[in-house]
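Encoded as structure tokens, the structure appears first; notes follow it.
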Amino acid sequence: MSLALEIVSPERLLLARDVDMVVIPGTEGDLGILPGHSKLVTSLRGGLVDIYESGKITDRFFVTGGFAEVTESRCSVLADEIIRQADINVTVAQAKLAEAKAAFEAVDTNDADAYREASDKLISAQAMVDSAAASPAQAD
């Protein structure tokens, strides 16, 4: 039995295929989705989406956030931004992290919405740097 996986960015459908399992970065922690999973809708934090086939990770994508909808036979990832892990540019990721840190330090802590947005961007930027560092393409 397989799981129908769709990964969608604002621009296009990036991937649509059957997989054995997918691990998504939920805001409350990573979620492993297998065929037969309970229905749920969850928001995503910045992190990696790992796609498993035949017991191995076959693809990894970095998402900055978004949502996922899960049914017993399907997982749809609706990402704010998405990039293949191997395509993450370390220099760009580090620049985004520096920018996010500066914005977080400058945010008005009395403005809960602005604080939450700055915090989310900082978490996502740090996750992007961490993902780039963990990429086999960056190990050269």
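Residue numbers (the numbering used here): 1 to 140.
Built from N, CA and C at the ideal position, the CB exists for glycine as well.
**OP:** Look at the Cβ atom of GLU81, then the Cβ atom of SER9, and state whether they are nearer than 8 Å.
**Re:** Along the sequence shown, read from residue 1 onward, the residue named residue 81 stands at position 81. Along the sequence shown, read from residue 1 onward, the residue named residue 9 stands at position 9. Yes, the Cβ-Cβ distance between GLU81 and SER9 is below 8 Å.
Original post:
Expressed to the nearest angstrom, what Euclidean distance is found between the alpha-carbon atoms of GLY66 and VAL41?
Top reply: Position 66 of the sequence shown, counted from the first residue, corresponds to residue 66. Position 41 of the sequence shown, counted from the first residue, corresponds to residue 41. If I take the Cα positions, the gap works out to 11 Å.
**OP:** Tell me, please, which residues DSSP counts as bridged to SER43.
**Re:** Numbered from its first residue, the sequence shown carries residue 43 at position 43. PHE67, per the DSSP bridge assignment.
Original post:
With DSSP run on the structure shown, which of helix, strand or coil describes GLU99?
Top reply: Locating residue 99 in the sequence shown gives position 99, counting from the first residue. Reduced to three states, the DSSP call for GLU99 is helix.
Subject >> Sequence-distant residues of the same chain with beta carbon closer than 6 Å to ASP30, five excluded per side >> reply: Residue mapping note: residue 30 aligns to position 30 of the sequence shown, counting from 1. Once the five neighbours on either side are set aside, the close Cβ partners of ASP30 are VAL23.
**OP:** Using only alpha-carbon positions, find the residue among GLY26, LEU13 and ARG45 that is nearest to LYS121.
**Re:** As a working note, residue 121 is residue 121 in the sequence shown. That would be ARG45, whose Cα lies nearest to the Cα of LYS121.
Original post:
Does the beta-carbon of ALA133 have 16 or more other beta-carbons within 10 angstroms, so that it is buried, or is it exposed?
Top reply: In the sequence shown, residue 133 corresponds to position 133, counting from 1. ALA133 is exposed by the Cβ-count criterion.
Subject >> Whole-number beta carbon distance between ILE33 and VAL70, since they are thought to touch under 8 Å >> reply: In the sequence shown, counting from the first residue as 1, residue 70 sits at position 70. In the sequence shown, counting from the first residue as 1, residue 33 sits at position 33. Right, their Cβ atoms sit about 6 Å apart.
Subject >> Length of the line joining the Cα atoms of LEU14 and GLU6 >> reply: The residue given as residue 14 occupies position 14 in the sequence shown. The residue given as residue 6 occupies position 6 in the sequence shown. Going by the C-alpha atoms only, they are around 8 Å apart.
Original post:
Quick one, are the C-beta atoms of SER2 and ASP20 less than 8 Å apart?
Top reply: The residue given as residue 2 occupies position 2 in the sequence shown. The residue given as residue 20 occupies position 20 in the sequence shown. Yes. Within cutoff.
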